[in-house]
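Student:
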Amino acid sequence: MQMKRRYVVELSAEEHVELRNLIDKGKAAAYRRRHAQILLKADEGEAGPAWSDLQIAEAFDVHRTTVERLRKRCVEQGLAAALEREKRRRERRRVLDGKGEARLIALACQQAPEGHARWTLHLLAERLVELSIVESISHESVRQVLKKHS
Numbered sequence: 154m155q156m157k158r159r160y161v162v163e164l165s166a167e168e169h170v171e172l173r174n175l176i177d178k179g180k181a182a183a184y185r186r187r188h189a190q191i192l193l194k195a196d197e198g199e200a201g202p203a204w205s206d207l208q209i210a211e212a213f214d215v216h217r218t219t220v221e222r223l224r225k226r227c228v229e230q231g232l233a234a235a236l237e238r239e240k241r242r243r244e245r246r247r248v249l250d251g252k253g254e255a256r257l258i259a260l261a262c263q264q265a266p267e268g269h270a271r272w273t274l275h276l277l278a279e280r281l282v283e284l285s286i287v288e289s290i291s292h293e294s295v296r297q298v299l300k301k302h303s
C-alpha cells in the first residue's frame with residue numbers, strides 16, 4: 154500500500170511540452186534536463202505516468218529525497234524554480250570583527266609564549282579564548298584572518 158503524496162505534481166499541457174523540448178533540445182545543463190525528466194515521470198496529470206518517488210529515484214540514479222524535494226519545490230515555487238538548483242541557505246557568521254582581527258594580528262607579532270619557538274595557529278586560537286576576545290575559534294579561522302592580512 155502506498156502513502157498519499159503530500160506534494161502532487163500535475164503539469165499542464167504547456168508545461169509538459171516545455172519540459173519535453175528542454176530534454177529533446179540537448180542544450181540545457183545536465184541537472185536541468187534531469188529535473189525535467191524527473192518532473193515528467195512524477196506528473197500525475199492526464200498525460201503523466203505518475204511514477205512513485207522510489208521508481209523515479211531508481212530510474213535516474215538519484216536519492217528518493219531528491220525527488221521529494223523536487224516535487225515540493227515544483228508545487229510551492231513553480232516549474233521554473235524546480236528546474237533550477239536550490240540556493241544554499243547557509244549563513245556564515247564572522248567569528249572575529251575588525252577589532253578582534255587587529256588584536257589577533259598584534260598577538261601574532263608579539264614574542265611567542267615561553268617554551269615555543271614561534272606562534273602556531275592552535276596557540277593563537279587558544280590565546281584568543283584565554284584573553285576573552287572570542288568564546289571559541291578554530292585554528293582554520295585564525296589562518297584565514299592571518300592570510301587575509303599577510
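For the sequence shown, the numbering used here begins at 154 and goes up steadily by one. Every residue gets a Cβ at the ideal spot worked out from N, C-alpha and C, and that includes glycine.
What three-state label does DSSP hand Leu-277 in the structure shown?
Tutor: In the structure shown, Leu-277 sits in a helix (DSSP, three-state: H, G or I).
Student: Do you know whose CA, among Ala-183, Arg-185, Arg-224, lies nearest Ala-203's CA?
Tutor: Nearest C-alpha to Ala-203: Arg-224.
Student: One question on the structure: do Leu-175 and Ala-166 come within less than 7 Å of each other, judged by their Cβ atoms?
Tutor: No, they are not a contact pair.
Student: I'd like to know whether the C-beta atoms of His-188 and Leu-232 end up nearer to each other than 7 Å.
Tutor: No, these two residues do not count as a Cβ contact at 7 Å.
Student: Please tell me whether Val-162 and Ala-212 are closer than 7 Å, where the distance is taken between their beta carbons.
Tutor: No, they are not a contact pair.
Student: Would DSSP call Asp-347 helix, strand or coil?
Tutor: The requested residue 347 is not part of the displayed model; the chain covers only 154 to 303.
Student: If you follow the alpha helix (DSSP H) that Lys-301 is part of, which residue opens it and which one closes it?
Tutor: Note, Lys-301: alpha helix (DSSP H), 292-301.
Student: Less than 7 Å between the C-beta atoms of Val-295 and Ala-278, yes or no?
Tutor: Yes, the pair counts as a contact, with Cβ atoms nearer than the cut-off.
Student: Grouping DSSP H, G and I as helix and E and B as strand, with all else coil, what is Ala-270?
Tutor: Reduced to three states, the DSSP call for Ala-270 is coil.
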